[in-house]
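Okay, so the sequence shown: first residue is 13 according to my numbering, each after it adds one.
Yeah, the Cβ is synthetic: ideal placement off N, Cα and C, and Gly gets one too.
As structure tokens, the structure follows; a few thoughts come after it.
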Amino acid sequence: MIILYIFLGAIFGSFLNVLIHRMPLNKSIILPSSHCPKCKESIMWYNNIPIISYLLLKGKSSCCNKHITLRYPIVELLSSLLWVWSYFYLNTYHYQILFLIISSCLLVIFFTDYNQFFIPVELNFIIFLSALLHFLIFDINNMQYHFFSMIVLSVYFLVLLLLSSYLLKKETMGYGDIILIAVTTFWVGLIDGMIIIFIASIFSIIHWIVLKIITKDENIILPFGSTISLAAILLFVLKHTFKIETNLF
Ligand SMILES: [Zn+2]
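Below you can see the structure in the form of structure tokens.
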């Protein structure tokens, strides 16, 4: 059974790679089939096996011998790890599916926001819809609290965004970040939502310091969506691995 999770997770990871590559370019995610981004040659199935092909080809494409980005095997490996983790720590299929859909969306957002400062609105919608279905079918008693949590944090950050961009005369945060905060909070609730933002802020400060030292740039733009996605996955995984209780009510 565990082999199946490792395998499916890696296969699903290569689909996530397609999303990461194509969504910011507004390209269809189904057609055309996998092709080399450098020379447009179609990729044969035996050169498109997650992780293994990358290792066998030593990171070079078989068609034009160009360097393949390390992001491909990394995303496949991370996806596989999320699947394996859900197998061990989430006890029902329904919790596993909910977690895998949402964490996969967050994984894609992590990379699109990091590479292109782009948060696909469709993925936010999928996160919201999955959480909504979960509450409607399995957890109706908690829906009101999670909905209220979402409203509180999104209104708070919307006011913060409008106020700070008015006072500082520059864009401090994107609307994409706020929508991501909203849907993530709808999934995890107010307390966890606030912890996620707190962890994400610490990550962003560290990221800023590192970029400042390396580039000495005056105008550093940070992908806050990436740090929120990372913080959300980390908090959920740590909470369920070590059975940590964070909700006060
Ligand atoms: Zn090629």
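Assuming the contact rule is C-beta atoms closer than 8 Å, residue i and residue j should be a hit. Round their C-beta distance to whole Å, please.
i	j	result
L165	L202	7 Å
I114	I139	5 Å
Q128	P36	4 Å
G25	S73	Contact doesn't hold; Cβ gap of about 18 Å is too wide.
I208	L247	6 Å
Among the options, which one has its Cα closest to the Cα of residue i?
i	options	result
F198	L69, C51, A244, T239	A244
I193	Y99, T104, S116, I131	I131
S45	F254, F27, C75	F27
I232	T184, I211, F159	T184
A212	D189, F236, I190	F236
D189	L175, I218, V133	V133
K78	G21, V195, H146, E53	E53
S241	H47, F123, L118	L118
L146	Y187, S238, Y107	Residue identity differs from the one stated: residue 146 is His in this sequence, not Leu. Nearest of Y187, S238, Y107 to H146, Cα basis: Y107.
F254	C48, P49, L102	L102
V30	R83, G186, L148, I163	R83
S238	L148, T196, I80, F159	T196
How would you call residue i, buried or exposed, if buried means at least 16 neighbouring beta carbons within 10 angstroms?
i	result
S40	exposed
S161	buried
N153	exposed
C76	exposed
L67	exposed
V222	exposed
L112	buried
N136	buried
D125	buried
T258	exposed
L175	exposed
I191	buried
I64	exposed
E88	buried
S98	buried
I121	buried
S177	exposed
F150	exposed
H47	exposed
Return the CA-CA distance between residue i and residue j, expressed in angstroms with no decimal places.
i	j	result
K224	Y168	29 Å
P85	L144	32 Å
C51	G71	16 Å
W95	I15	10 Å
I61	I23	8 Å
H252	F215	21 Å
Y105	S116	16 Å
L170	L141	22 Å
L250	L234	25 Å
I256	D204	11 Å
I18	N38	30 Å
M5	I42	This structure does not reach residue 5, given that the chain is present from 13 up to 261, and the question cannot be answered.
K228	W220	10 Å
L20	K181	48 Å
L69	H158	47 Å
Contact set, ligand 1 heavy atom to C-beta under 7 Å: C48, K50, C51, E53, S73, C75, C76, K78
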